[in-house]
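All the letters of the sequence shown, read from the start, carry residue numbers 1 to 91 under the working numbering.
Structure record follows, encoded as structure tokens.
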Amino acid sequence: MKKLLAALALTALTVPVWAATRTVTLSVPGMTCAACPITVKHALSKVTGVEKSDVRFEQREAIVTFDDGKTNVQALTRATADAGYPSSVKP
Numbered sequence: 001m002k003k004l005l006a007a008l009a010l011t012a013l014t015v016p017v018w019a020a021t022r023t024v025t026l027s028v029p030g031m032t033c034a035a036c037p038i039t040v041k042h043a044l045s046k047v048t049g050v051e052k053s054d055v056r057f058e059q060r061e062a063i064v065t066f067d068d069g070k071t072n073v074q075a076l077t078r079a080t081a082d083a084g085y086p087s088s089v090k091p
């Protein structure tokens with residue numbers, strides 16, 4: 001019985017039971033031309049778990065909807081930075 005409980009506890013810690021769709025707004029201040037959002041959107045679309053992204057040049061932001069069981073905010077900001085556009089979460 002103790003082994004079963006230990007296995008269940010370990011499974012609960014390693015499997016994201018409460019995975020959900022989340023939306024985050026990223027500030028992307030380095031976008032300086034109308035073509036920049038295309039690059040940012042492409043970089044975000046390559047991240048596993050990203051369901052949708054809306055990149056707005058005028059606001060210098062990206063609104064990203066993603067499955068938090070498959071990715072996280074750090075992966076999103078890393079993807080934009082790797083594409084040449086560092087980003088951070090907007091408050």
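Even for Gly, the Cβ is constructed at its ideal location relative to N, Cα and C.
Quick caveat: nothing in here was measured; it's all calculated off a predicted structure.
Segment limits, beta strand (DSSP E) that includes residue i
| i | result |
| --- | --- |
| R22 | T21 to S27 |
| V50 | V50 to R56 |
Spatial neighbours of residue i in its chain, beta-carbon cut-off 8 angstroms, leaving aside the 5 residues before and after
| i | result |
| --- | --- |
| L44 | V50, S53, V55, A62, V64, L76, A79 and T80 |
| K46 | A79 |
| T71 | V47, T48, G49 and V50 |
Neighbour-count burial assignment, residue i, 16 or more Cβ in a 10 Å radius
| i | result |
| --- | --- |
| P37 | buried |
| S88 | exposed |
| A83 | buried |
Residue i (DSSP reduced to helix, strand or coil)
| i | result |
| --- | --- |
| S87 | coil |
| D68 | coil |
| Q74 | helix |
| A62 | strand |
Own chain residues within Cβ distance below 7 angstroms of residue i, not counting five before or after
| i | result |
| --- | --- |
| V40 | V28, M31, V55, A62, T80, A83 and Y85 |
| V73 | V24 and V89 |
| V57 | It should be pointed out that residue 57 corresponds to Phe in this sequence rather than to Val. Excluding positions up to five away in sequence, the list reads M31, A34, C36 and P37. |
| D67 | A19, T21, G49 and E51 |
| L8 | Because L8 carries a pLDDT of 49, less than 50, the predicted location of this residue cannot be relied on, and the following value inherits that uncertainty. Once the five neighbours on either side are set aside, L8 has no close Cβ partner at all. |
Contacts around residue i, its chain only, beta-carbon distance under 6 angstroms, and the 5 residues preceding and following it disregarded
| i | result |
| --- | --- |
| T23 | T65 |
| R60 | V28, P29 and M31 |
Element boundaries [alpha helix (DSSP H), containing residue i]
| i | result |
| --- | --- |
| T32 | Unbroken run through T32: none, as it is neither H nor E. |
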